[in-house]
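Heads up, the sequence shown is in the working numbering, so the first residue is 2 and it goes up one at a time. Every residue gets a Cβ at the ideal spot worked out from N, C-alpha and C, and that includes glycine.
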Amino acid sequence: MSTMKIKKGDRVKVIAGKDNGKEGKVISVDRKKNRVLVEGVNIITKHMKPSVANQNGGIVQKEAPIDASNVMYVHKGKATRIGFRYENDKKVRFAKSTGETID
Numbered sequence: 002m003s004t005m006k007i008k009k010g011d012r013v014k015v016i017a018g019k020d021n022g023k024e025g026k027v028i029s030v031d032r033k034k035n036r037v038l039v040e041g042v043n044i045i046t047k048h049m050k051p052s053v054a055n056q057n058g059g060i061v062q063k064e065a066p067i068d069a070s071n072v073m074y075v076h077k078g079k080a081t082r083i084g085f086r087y088e089n090d091k092k093v094r095f096a097k098s099t100g101e102t103i104d
C-alpha cells in the first residue's frame with residue numbers, strides 16, 4: 002500500500018462529487034479505506050436515539066468520509082498535487098506546482 006499524501010490538518014479542496022469546489026480542513030484520515038474526513042464537506046443527516054451522551058436524540062448533521070482521490074491539497078490558495086523527495090536524509094512532501102517543501 003502506498004503512502005497517503007494527505008495528512009490530518011491539511012487544507013484540501015474537493016475536486017469531484019456533490020461538494021465539488023468546497024474547501025476545508027482534514028479532521029481525520031483512514032489509511033486502510035483510503036478515505037478522509039473534511040470539515041464542512043459531505044454533510045449527512047443521522048437519526049440518533051436518546052442515549053447518555055445525547056439526552057434528547059433527534060436528527061443530527063455531521064460530516065461523512067470522502068475518498069482521498071476526490072480531494073487535492075491547497076498550497077497558497079491553489080490546489081496542487083503532492084510529491085515526495087528526500088532532503089537531508091528525511092522524506093518530505095512538496096507541492097508539485099511550486100516545488101516548495103510542505104513539511
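- Runs of the beta strand (DSSP E) lying entirely within the segment 5-40, each at least 3 residues long, are 12-15, 24-31 and 36-39 in chain order.
- Here DSSP, grouped into helix, strand and coil, assigns A65 to coil.
- Under the 8 Å Cβ criterion, the segment 75-87 does not count as touching the segment 52-64, having fewer than three qualifying pairs.
- Straight-line measurement puts the Cα of G41 at about 21 Å from the Cα of K6.
- Between the segment 35-55 and the segment 64-73 there are three or more C-beta pairs closer than 8 Å, enough to call the two in contact.
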